[in-house]
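**Student:** Can you keep this structure in mind? I'll have questions shortly.
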Ligand code: HEM
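Protein chains in written order, with the working numbering: chain G, 219 to 353; chain Z, 12 to 140.
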């Protein structure tokens, strides 16, 4: 597994633990009828698991198993490092925005998440094009 | 795990369909979060767990997939936890019997444990090869 995939997958696993912990806490809150205090945690839980866990894991594993192209991977590695940084910062920032109900902070977080995904997609796209040309 | 994830895919989409039919069961009306989680936990996350155990870099020649006992703990905790959630979560608001609350708490504990044991066991296999 390439080093970049290792980091994407490790960060995804950390999001899994945090997201499941929040989920388990919210489910306990439902059982013990203090559900009202769950509030914004629901949306934070969703953000962490949908983007930090599911999307980030898919990015890490696909970077590893898509057709290789050493030259392209060396050339575009900086984009995927950028994607790792912006996606994780974006999830944290969005969670902060959701927690504090600051629309501007949430919007900045979401922009970082989208930037992360775009950086990733533009880095791996040439690998697919080349592979489909080679048949 | 992959087999179970496919069962949840069918079950989740089937129940999702039921929640949209004009049936007047209070239980079904309360079931929306459980049904959604059948798909994201039972199908997507469990499929990822199963595929990761299979294709992540092997640990060693003698125990390529790590501890089988630990992966069995993950499997049973995740599935028992999820089934308990689907049974108990929609029932808690409808019944005053404390058993449903206890089952929901157990469900939360099982799913949480599954995530901890999974991450603990797979962490060493996330490495350059
Ligand atoms: C990949 C895994 C998961 C994903 C993608 C996910 C996603 C979500 C989403 C999108 C919501 C709705 C948020 C909203 O209404 O704003 C939600 C709610 C919730 N989740 Fe999860 N979740 C996951 C796993 C879990 C787990 C493992 C648990 C418990 C152990 C859990 C417990 C809850 C609870 C209690 C709610 C609130 C339900 C309600 O509306 O009463 N989630 N989750």
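We put the CB at the ideal spot given by N, CA and C, even for glycine.
So which residues on chain Z does residue 346/G lean against when the C-beta distance must stay under 9 Å?
**Tutor:** Within 9 Å Cβ-Cβ: nothing; residue 346/G doesn't reach chain Z, min ~20 Å.
**Student:** Leaving out five residues before and five after residue 67/Z in sequence, what residues of the same chain have Cβ atoms less than 7 Å from its Cβ?
**Tutor:** Around residue 67/Z: 133, 136 and 137.
**Student:** I want to verify the contact list: residues of chain Z whose CB lies under 8 Å from the CB of residue 242/G, in sequence order.
**Tutor:** What residue 242/G touches in chain Z: 119, 120, 122 and 123.
**Student:** Who are the Cβ neighbours of residue 271/G in its own chain at under 7 Å, not counting the five residues just before and after it?
**Tutor:** Same-chain partners within the cutoff: 230, 233, 234 and 237.
**Student:** Say yes only if the C-beta of residue 15/Z is nearer than 7 Å to one or more non-hydrogen atoms of the ligand HEM, and no if none qualify.
**Tutor:** No, Cβ of residue 15/Z sits at least 7 Å from all heavy atoms of the ligand HEM.
**Student:** I'd like to know whether the C-beta of residue 146/Z is nearer than 8 Å to at least one C-beta of chain G.
**Tutor:** Past the boundaries of the shown model lies residue 146/Z; chain Z is included only from 12 to 140, so the question cannot be answered.
**Student:** Taking residue 226/G as the reference, give the member of 316/G, 261/G, 280/G and 257/G with the closest Cα.
**Tutor:** Nearest of 316/G, 261/G, 280/G and 257/G to residue 226/G, Cα basis: 280/G.
**Student:** Does the Cβ of residue 109/Z have 16 or more other Cβ atoms within 10 Å, making it buried, or fewer, making it exposed?
**Tutor:** It counts as exposed.
**Student:** For residue 315/G, count neighbouring C-beta atoms within 10 Å of its own C-beta (all shown protein chains included) and say buried if the count is 16 or more, exposed if not.
**Tutor:** Counting Cβ neighbours within 10 Å, residue 315/G comes out buried, since at least 16 surround it.
**Student:** Is the stretch 35 to 42 of chain Z touching the stretch 83 to 91 of chain Z in the sense that three or more CB pairs, one from each, lie closer than 8 Å?
**Tutor:** Taking 8 Å as the limit for Cβ pairs, the verdict is that the stretch 35 to 42 of chain Z does not touch the stretch 83 to 91 of chain Z.
**Student:** Quick check on residue 140/Z: does DSSP put it in helix, strand or coil?
**Tutor:** Correct three-state label for residue 140/Z: coil.
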